[in-house]
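Student:
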Ligand code: SF4
């Protein structure tokens, strides 16, 4: 095993391939509606960083059926994880959200629930709902951290301080049947490799189950795109990024599941770096790199501990 991939992890849990189906709970985001800020994070697209979600006007069961039909067209898998991806999925009327989550997990083919949110948008009542859901199915809560560095967090207008994230991770991960996945962004313009690796080091120190690693994607229509077009900053080319990814994996605690390794913005909205658009080539290049280099997840992490 070079790194602990989500596919292997799912197979260990469910003994087969499992698809994540992106659903839309109809939420907004406190970083967009003025509660925390206006305009959102600098990189966030109008779809709330979830380009592949279903039609939010449809009931959850219909969204599920449509998505399952799409998966069936390319695979014979019959187990799914309901993934509430775009915007802040614990932000809104808690009872309405509870009903939507329950609609999703009542489907006998849905074997788990993944909920993407912000650490500062989980009310007491929502913690209770998450606990209740975790008694019925496997729950993953995905938190967008991106970076531990205050200067970068300000630049990207993340809108909460690091201790808020740390506390949410501790509290969520203490719920039985619930695991925390953290989103991080590499290649931020104000960060060097040392800074990026210290974000990984901080994640290692917390009870985090999984990580989604993205390289910064500049998407059309975002404030980041306006900044980039006015004053372009360098972004890693594919080979440099993949090499750095190897270092990230070596510095990542060995039991953290790696759910994603690159940005995943919609191809038609992508402004930079353009190599991200060729997903097959990127995937093959990452596989080839890991096959031909002696990279083992956690190698540097365990050395650092000794
Ligand atoms: S918290 Fe998520 S949905 Fe809200 S602005 Fe930031 S990236 Fe977008």
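Numbering (the numbering used here), first residue to last: 1140 to 1445. Backbone N, C-alpha and C fix where the C-beta goes; we use that ideal spot for every residue, glycine too.
(1) For residue 1283, is the classification buried or exposed, using 16 other Cβ atoms within 10 angstroms of its Cβ as the cut-off for buried?
(2) Check whether the Cβ of residue 1211 lies closer than 7 angstroms to any heavy atom of the ligand SF4, and answer yes or no.
(3) Do residue 1170 and the ligand SF4 come close, with the Cβ less than 7 angstroms from some heavy atom?
(4) Could you give the distance in angstroms between the alpha-carbon of residue 1156 and the alpha-carbon of residue 1146?
(5) Where residue 1439 and residue 1238 are concerned, what is the direct C-alpha to C-alpha distance, given to the nearest angstrom?
(6) What are the boundary residues of the alpha helix (DSSP H) that includes residue 1364?
(7) Going by the CB atoms, is the gap between residue 1169 and residue 1240 shorter than 8 angstroms?
(8) For residue 1343 and residue 1329, what's the separation of their Cα atoms in angstroms?
(9) By Cβ distance below 8 angstroms, which residues in the same chain neighbour residue 1389 in space, the five residues on each side in sequence not counted?
(10) Are residue 1244 and residue 1203 closer than 8 angstroms when you measure CB to CB?
(11) Give the range of the alpha helix (DSSP H) segment to which residue 1291 is assigned.
(12) Please say whether residue 1362 and residue 1178 have beta carbons closer to each other than 8 angstroms?
(13) Run through the DSSP bridge pairs and tell me what residue 1230 is partnered with.
(14) Leaving out the 5 sequence neighbours to the left and right, which residues in its chain are closer than 8 angstroms to residue 1236 when beta-carbon positions are compared?
Tutor: In this structure, then:
(1) buried
(2) no
(3) yes
(4) 7 angstroms
(5) 44 angstroms
(6) 1362-1369
(7) no
(8) 22 angstroms
(9) 1434, 1435, 1436, 1437, 1438, 1439, 1440
(10) no
(11) 1289-1294
(12) yes
(13) None, per the DSSP bridge assignment.
(14) 1164, 1166, 1228, 1229, 1265, 1268
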